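**Q**
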Amino acid sequence: MPIIETTNPVVSSFKGLHLYHAHISNCSARVRLLLEEKKIPWESHHIFLAKRENITEEYFSINPKGVVPSLVHDGKVITESNDILVYLEETFPDPSFINVASEKKREIERWLKISGEAHMPGIKTFQYYKRNSKAMKKTEEEVALYRKLQKDPAYLTFHGKHDLPGQSFTPKDAETAINLMDGYFTEMEDILSKNQWLVGNTFTLADISWSPTITTLLRGGYDFNLFPNLMAWYDRIFKLPSFQISVTDWYTRMEKNN
Ligand SMILES: N[C@@H](CCC(=O)N[C@@H](CS)C(=O)NCC(=O)O)C(=O)O
């Protein structure tokens with residue numbers, strides 16, 4: 002789990018829980034959803050990705066990949082959204098979202114691992130392909146600053162494909178991303194044709210991790226027609242008051258101000 006000893010003096014003096022997050026980020030939303038389900042108070046540090054508020058020396062000193070979310074707990078920084086879910090679960094175990102038999106715990110861990118691994122090649126690639134045509138590309142100055150601050154080769158390659166002159170995500174990239182995601186959705190569809198939730202009949206971290214991803218993909222026009230049970234599962238979660246507060250409200254409220 003990436004727990005970072007930050008050199009940022011402001012962050013290291015924080016008490017309690019602080020979350021750096023973006024309104025329409027599915028990675029941020031899964032953390033907000035767990036915080037809401039657990040009723041843990043937290044302080045918001047909203048980052049507008051479209052305004053490049055993550056591409057600053059200040060933010061890279063908190064999150065070395067310059068991405069959201071970053072959780073700060075009593076001055077300690079935790080990154081990677083699925084690791085943050087596990088950290089919160091271990092630190093604030095009541096109510097529990099891993100309250101299943103031990104062999105089922107491994108299924109939760111697997112869904113969290115896939116959620117993390119599928120993000121860049123699946124969800125993020127699909128989203129950026131959709132955005133290629135829109136005016137979301139960085140300016141020359143923003144690209145230069147990003148390439149100075151970003152040390153992670155995977156992020157450099159990914160963003161280079163979106164931002165560098167003559168580069169863009171292609172229909173083939175989108176197809177590969179969709180095939181990857183459809184593979185997981187096919188497995189989920191099968192599980193959800195028999196069970197109410199992704200792991201047995203308990204609402205767990207697996208459901209918390211994956212449901213905001215569906216929100217993001219739906220907004221990007223992802224085709225879920227082959228997955229009616231997955232959509233019924235999503236609808237059940239969508240109707241939870243916690244989801245309304247932590248996902249839907251953030252997605253819509255901030256957009257009005259953007
Ligand atoms: N594996 C990371 C991915 C984080 C990530 O890529 N976050 C997106 C928003 S969902 C972001 O910050 N994008 C801005 C960027 O890549 O510069 C996690 O799960 O926390």
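Converting from the sequence shown to this note's numbering requires adding 1 to each position, the first position being numbered 1.
Ideal Cβ placement from N, Cα and C applies to all residues, glycine included.
Just so we're clear, the structure is a prediction, and the values are computed from it rather than from any experiment.
At what residue ranges does the segment 136 to 175 contain a whole run of the beta strand (DSSP E), taking only runs of 3 or more?
**A** You should have found no qualifying run.
**Q** Cα separation between Phe49 and Val78?
**A** Within the sequence shown, residue 49 is the residue found at index 48, counting from 1. Within the sequence shown, residue 78 is the residue found at index 77, counting from 1. Whole-angstrom Cα-Cα distance: 20 Å.
**Q** For Tyr235, collect the residues of the same chain with a Cβ closer than 7 Å to its Cβ; drop the 5 residues on either side in sequence, then sort them by chain order.
**A** Translated into the one-based positions of the sequence shown, residue 235 becomes position 234. Excluding positions up to five away in sequence, the list reads Ser212 and Ile215.
**Q** What residues in its chain sit with their C-beta under 6 Å from that of Ser13, if we drop five residues either side in the sequence?
**A** Sequence index remark: in the sequence shown, residue 13 carries index 12 (1-based). Counting only Cβ-Cβ distances below 6 Å, and skipping sequence neighbours, we find Thr7 and Gly76.
**Q** May I ask you to list the residues that DSSP assigns as paired with Val200?
**A** As a first step, residue 200 is located in the sequence shown; it is residue number 199 there, counting from the start. For Val200, which the question treats as bridged, DSSP gives the partners Thr203.
**Q** Since I believe Val200 is in contact with Val101 (beta carbons under 8 Å), could you give me their beta-carbon distance rounded to a whole number of angstroms?
**A** Taking the sequence shown and counting its residues from 1, the one referred to as residue 101 is at position 100. Taking the sequence shown and counting its residues from 1, the one referred to as residue 200 is at position 199. Indeed, because the Cβ distance is near 6 Å, the residues count as touching under 8 Å.
**Q** Relative to the C-alpha of Pro242, which residue among Leu35, Phe61, Tyr60 and Lys152 is closest?
**A** In the sequence shown, the residue the question calls residue 242 occupies position 241. Considering only alpha carbons, the answer is Leu35.
**Q** With a threshold of 7 Å on Cβ separation, who are the neighbours of Tyr156 within its own chain once the five nearest residues in sequence on each side are excluded?
**A** Mapped onto the sequence shown, residue 156 falls at position 155. Here the set comprises Lys66.
**Q** Under 8 Å between C-beta atoms, does Lys114 make it to chain D?
**A** The structure shown has no chain D; it contains just one protein chain.
**Q** I think Ala23 touches Ser247, with their Cβ atoms under 8 Å apart; what is that distance to the nearest whole Å?
**A** Taking the first residue of the sequence shown as 1, we reach residue 23 at position 22. Taking the first residue of the sequence shown as 1, we reach residue 247 at position 246. Contact doesn't hold; Cβ gap of about 13 Å is too wide.
**Q** Going straight from the alpha carbon of Lys152 to that of His46, what length do you get?
**A** In the sequence shown, counting from the first residue as 1, residue 152 sits at position 151. In the sequence shown, counting from the first residue as 1, residue 46 sits at position 45. The alpha-carbon atoms of Lys152 and His46 are separated by roughly 23 Å.
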